[in-house]
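> Provided herewith is a single structure, encoded as C-alpha coordinates, for subsequent inquiry.
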Amino acid sequence: MKIKNITEPQKFFEVLNECKGRVELVTSEGDRLNMKSTLCQYIALTQMFKDATIDEVELVVSEPEDMYKLLKFLVKGD
(Lines of atoms letter the chains of each structure in order from A and count residues from 1; the text may use other names and numbers.)
(Lines give C-alpha, C1' and ligand atoms only; values in the text may rest on other atoms or scores of the structure.)
Protein backbone atom coordinates (compact mmCIF):
# COMPACT_ATOMS: atom_id res chain seq x y z
CA MET A 1 0.00 0.00 0.00
CA LYS A 2 1.39 3.42 -0.94
CA ILE A 3 0.57 6.25 1.40
CA LYS A 4 0.94 9.95 0.63
CA ASN A 5 0.87 13.22 2.53
CA ILE A 6 0.98 12.21 6.16
CA THR A 7 1.24 15.52 7.94
CA GLU A 8 1.28 14.19 11.53
CA PRO A 9 3.89 11.44 11.70
CA GLN A 10 3.50 11.03 15.48
CA LYS A 11 -0.17 10.07 15.15
CA PHE A 12 0.70 7.80 12.23
CA PHE A 13 3.23 5.93 14.39
CA GLU A 14 0.65 5.63 17.18
CA VAL A 15 -1.65 3.83 14.73
CA LEU A 16 1.24 1.62 13.61
CA ASN A 17 1.94 0.67 17.22
CA GLU A 18 -1.69 -0.48 17.61
CA CYS A 19 -1.34 -2.94 14.72
CA LYS A 20 -1.31 -6.62 15.66
CA GLY A 21 0.78 -7.97 12.77
CA ARG A 22 3.93 -6.98 10.97
CA VAL A 23 4.05 -3.57 9.27
CA GLU A 24 7.06 -2.84 7.09
CA LEU A 25 8.18 0.30 5.32
CA VAL A 26 9.77 -0.43 1.95
CA THR A 27 12.58 1.99 1.12
CA SER A 28 13.40 3.17 -2.39
CA GLU A 29 16.35 0.72 -2.32
CA GLY A 30 13.99 -2.18 -1.54
CA ASP A 31 14.98 -2.56 2.11
CA ARG A 32 12.19 -3.34 4.58
CA LEU A 33 12.05 -1.66 7.97
CA ASN A 34 9.87 -3.13 10.73
CA MET A 35 7.77 -0.10 11.64
CA LYS A 36 6.68 -1.63 14.94
CA SER A 37 10.29 -1.32 16.09
CA THR A 38 10.99 1.88 17.99
CA LEU A 39 14.49 1.96 16.54
CA CYS A 40 13.17 1.74 12.97
CA GLN A 41 10.59 4.45 13.70
CA TYR A 42 13.37 6.67 15.01
CA ILE A 43 15.50 6.03 11.93
CA ALA A 44 12.53 6.73 9.67
CA LEU A 45 11.72 9.99 11.45
CA THR A 46 15.26 11.31 11.54
CA GLN A 47 16.43 10.24 8.11
CA MET A 48 13.43 10.15 5.82
CA PHE A 49 10.91 12.54 7.31
CA LYS A 50 13.08 15.49 8.33
CA ASP A 51 10.51 18.11 7.29
CA ALA A 52 7.73 16.61 9.50
CA THR A 53 5.72 15.63 6.42
CA ILE A 54 5.79 12.19 4.86
CA ASP A 55 5.31 12.70 1.12
CA GLU A 56 4.96 9.05 0.10
CA VAL A 57 5.81 5.70 1.66
CA GLU A 58 5.10 2.12 0.75
CA LEU A 59 3.91 -0.17 3.53
CA VAL A 60 3.50 -3.92 3.59
CA VAL A 61 0.91 -5.03 6.15
CA SER A 62 0.55 -8.69 7.19
CA GLU A 63 -2.89 -8.55 8.83
CA PRO A 64 -6.08 -7.37 7.06
CA GLU A 65 -7.37 -5.79 10.28
CA ASP A 66 -4.23 -3.65 10.44
CA MET A 67 -4.83 -2.48 6.88
CA TYR A 68 -8.30 -1.38 8.00
CA LYS A 69 -6.81 0.59 10.94
CA LEU A 70 -4.38 2.38 8.65
CA LEU A 71 -7.05 3.13 6.05
CA LYS A 72 -9.39 4.45 8.74
CA PHE A 73 -6.62 6.78 9.97
CA LEU A 74 -5.91 8.01 6.45
CA VAL A 75 -9.54 8.54 5.43
CA LYS A 76 -10.46 10.21 8.69
CA GLY A 77 -7.63 12.64 8.17
CA ASP A 78 -4.53 13.02 10.26
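So the sequence shown is residues 1076 to 1153, counted in my numbering.
Idealized CB from N, CA, C, for every residue including glycine.
#1: Should Gln1116 go down as buried or exposed, given a rule of 16 or more other Cβ atoms within 10 Å for buried?
#2: I need the boundaries of the alpha helix (DSSP H) containing Glu1140, first residue and last residue.
#3: Who pairs with Val1135 in a beta bridge, going by DSSP?
#4: Between which two residues does the beta strand (DSSP E) holding Lys1079 run?
#5: Taking the CB atoms as reference points, tell me whether Phe1136 and Val1098 lie closer together than 7 Å.
#6: Rounded to the nearest angstrom, what separates Lys1151 and Glu1140 at their Cα positions?
#7: Using CA atoms only, rank isn't needed, just tell me which of Thr1082, Glu1093, Lys1086, Met1110 is closest to Tyr1143.
Taking the geometry as given:
#1: Locating residue 1116 in the sequence shown gives position 41, counting from the first residue. Buried.
#2: Walking along the sequence shown from the start, residue 1140 turns up at place 65. Bounds of the alpha helix (DSSP H) holding Glu1140 are 1139–1151.
#3: For the purposes of this step, residue 1135 is taken as residue 60 along the sequence shown, with counting starting at 1. Answer is Glu1099, bridged to Val1135.
#4: To locate residue 1079, count along the sequence shown from 1; it is residue 4. Unbroken beta strand (DSSP E) run through Lys1079: 1077–1081.
#5: Stepping through the sequence shown from its first residue, residue 1136 is reached at position 61. Stepping through the sequence shown from its first residue, residue 1098 is reached at position 23. The question names Phe, yet the displayed sequence has Val at residue 1136. Result yes, Cβ atoms of Val1136 and Val1098 sit closer than 7 Å.
#6: Here residue 1151 corresponds to residue number 76 of the sequence shown, with the count starting at 1. Here residue 1140 corresponds to residue number 65 of the sequence shown, with the count starting at 1. Here the C-alpha atom of Lys1151 lies approximately 16 Å from the C-alpha atom of Glu1140.
#7: Position 68 of the sequence shown, counted from the start, is the residue given in the question as residue 1143. Among Thr1082, Glu1093, Lys1086, Met1110, the Cα nearest to that of Tyr1143 belongs to Glu1093.
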